[in-house]
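In the working numbering, the protein residues as written are 9 to 267.
Glycine included, each C-beta is placed from N, C-alpha and C at the ideal position.
Remember, predicted model here, so these are calculated numbers, not experimental data.
Some notes on the structure that comes next.
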Amino acid sequence: MSTVITRFKDGVYEIELNRPDQLNAVNYELVSDLAAAVMEAKNDQNIRAVLLYGNGRGFCSGGDLKDFGIDTTDTVAVKEFLQKGHEAITGIYNMEKPVVAAIHGPAVGAGCNIAFCCDLIVADESAIFSEIFAKVGAIPDMGGLYFLPQKIGMHKAAELVFTGKKITAHEALEYGLINEVVADGTAVKKGRALAVSLAEGPTKSFGIAKRIMHQATHVSLENILEMEAYGQSIVFQTRDFREGKAAFVEKRKAEFLGY
């Protein structure tokens, strides 16, 4: 049984974590399959948006402490395992397409940070998030120590990292970690509708905007203004911009094709 299931429909590439009996805990096979799926989504021009979610009772319960699928006393094997994780995380983060995560149940440890690297996050009301690493004497990985301080500031990030405490979906929303809380059992449906809506949009523009926003915390305002000007000069040459401008003038709904 594949640890990751993929589907493609309506311009949306769905990636479903599929170790339901282990609450989609991350082992070497799952992280390798996830990295491969992300790479496919990144490179296939027919894919215009991505939806990520988990099968079964939760999104992802973190690393599989019972069976990582590697010898955890072998530093080379550990680095190779984490490298696969890095491929998945950087692939999602740098993909010039919108990526939506739909969360139900637990999203803890590595699962928490896989979610946080996505562009938009919708969560069931009963979803739980936790940087649980401290409970087992580890430190956050999968980008947690990068995403948390940027999203919620150093002090709140330190609180979550040092305590490993669980936070509810409503708390995550209040902190600015997720975008929306929905009724239990509806996150995937809501996330899918959002992804389809994004796939129907000017996805070339979304990709360029995403790339520039990721630079915003690292460079000066002047650099961002230059990037915006460069990006806009590219976007203005696209078919979608011409269509959007014409639709506005003609007072009709634009039909975007992603180029």
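Item	Value
Alpha carbon to alpha carbon, how far is residue 20 from residue 120? Give it in angstroms, no decimals.	23 Å
At which residue ranges does the stretch 95 to 150 contain complete beta strand (DSSP E) runs of 3 or more residues, listed in the order of the chain?	107 to 111, 114 to 116, 128 to 132 and 136 to 138
By the three-class DSSP mapping on this structure, what secondary structure does residue 57 have?	strand
Just to confirm, is the Cβ distance from residue 34 to residue 135 under 7 Å?	no
Is the separation between the beta-carbon of residue 189 and that of residue 133 shorter than 7 Å?	yes
Could you pull out every residue in the same chain whose Cβ sits closer than 6 Å to the Cβ of residue 89, ignoring the five residues on either side in sequence?	36 and 78
Can you tell which of 108, 260 and 162 has its C-alpha closest to the C-alpha of residue 127?	108
Any chance you could list the alpha helix (DSSP H) runs of at least 4 consecutive residues sitting entirely within the stretch 145 to 180, in chain order?	152 to 160 and 162 to 171
Is it buried or exposed for residue 112, if we count other Cβ within 10 angstroms and need 16 for buried?	buried
Using 8 Å as the Cβ pair cut-off and three pairs as the minimum, do the stretch 241 to 250 and the stretch 196 to 205 touch?	no
For the stretch 23 to 90, list the beta strand (DSSP E) runs that are entirely contained and at least 3 residues long, ordered along the chain.	57 to 62
With a 10 Å radius around its C-beta and 16 neighbouring C-beta atoms as the bar for buried, classify residue 234 as buried or exposed.	exposed
Nearest-angstrom Cα distance between residue 186 and residue 214?	19 Å
What residue range is occupied by the uninterrupted beta strand (DSSP E) comprising residue 188?	188 to 190
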